[in-house]
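Asks:
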Amino acid sequence: MHDTSDTGKTPRTPTADETRIVGLVPLLEPYFRGAVVRGLMPAPLREAMETHGLTPRHGAVLPQLLAGEPLTVSEIARRLHVSVPTASELVGGLSRAGVVERTEDPANRRRILVSLAEQYRRPLETFVALRGEPLLRALDGLTPTQRAGFVAGLTAWVSEVQS
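Each residue of the sequence shown is one higher than the last, beginning at 3 in our numbering.
#1: Please name the residue or residues paired with residue 102 in a DSSP beta bridge.
#2: Shorter than 9 angstroms from the beta carbon of residue 153 to some beta carbon of chain C?
#3: List the whole-angstrom C-beta distance separating residue 129 from residue 44, where the pair is believed to meet the contact cut-off of C-beta under 8 angstroms.
#4: For residue 93, which of 75, 85 and 106 has the nearest alpha-carbon?
#5: Here's a check: name, in chain order, each residue in its chain whose Cβ is nearer than 6 angstroms to the Cβ of residue 65, leaving out the five neighbours to either side.
#6: Measuring only the C-alpha atoms, how far is residue 88 from residue 142?
#7: How far does the alpha helix (DSSP H) with residue 15 in it extend, from its first residue to its last?
#8: Would you mind sorting residue 99 into buried or exposed? The rule is 16 or more other CB atoms within 10 Å of its CB.
#9: Let me check one thing: in DSSP terms, what residues is residue 74 bridge-paired to?
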């Protein structure tokens, strides 16, 4: 995250439209509170997360694995916009909890493939559906062009926050 006090830079003053946008962000905060998230999470998934001290960052890996095809740690890192060592640490925690499985790639034995443990597939599908309802309803009201802009903006924001 950028810290202007360390760089000596003065943050730029946002325009009126930008101030309106920045002002919307705190309104989303309750949606990300731990109690709200835990309340939506099916018991098996919640218990695994809490018992093994897994964080929301660990949880961010899981939807990436719902599509079905196992992913490499490098692919997970790319999708989450994190370093490979960070992705490896996240996958390691999930693996120790039994939420994901790591297997050798039959096509290249040096590569490790990561997949969702089958017993967590349905609880995760349920959680993602519940968690995504407000966003999906909002997206329903957008044109394809607006959706593309929304995705581009969120992606840019994530990249900026993580850099």
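Positions of the beta carbon are idealized from the N, C-alpha and C atoms, including for glycine.
From a predicted model like this one, the values you see are computed outputs, not experimental measurements.
Replies: According to the structure data:
#1: For residue 102, which the question treats as bridged, DSSP gives the partners 118.
#2: Included in the structure is just one protein chain, with no chain C present.
#3: The Cβ separation is near 6 angstroms, so the contact holds.
#4: The residue with the shortest Cα to Cα distance from residue 93 is 75.
#5: Around residue 65: 130.
#6: So the two alpha carbons sit approximately 34 angstroms from each other.
#7: Taken as a continuous stretch (DSSP letters only), residue 15 belongs to no alpha helix (DSSP H), as it is neither H nor E.
#8: By the 10 Å Cβ count, residue 99 comes out buried.
#9: Partner(s): 115.
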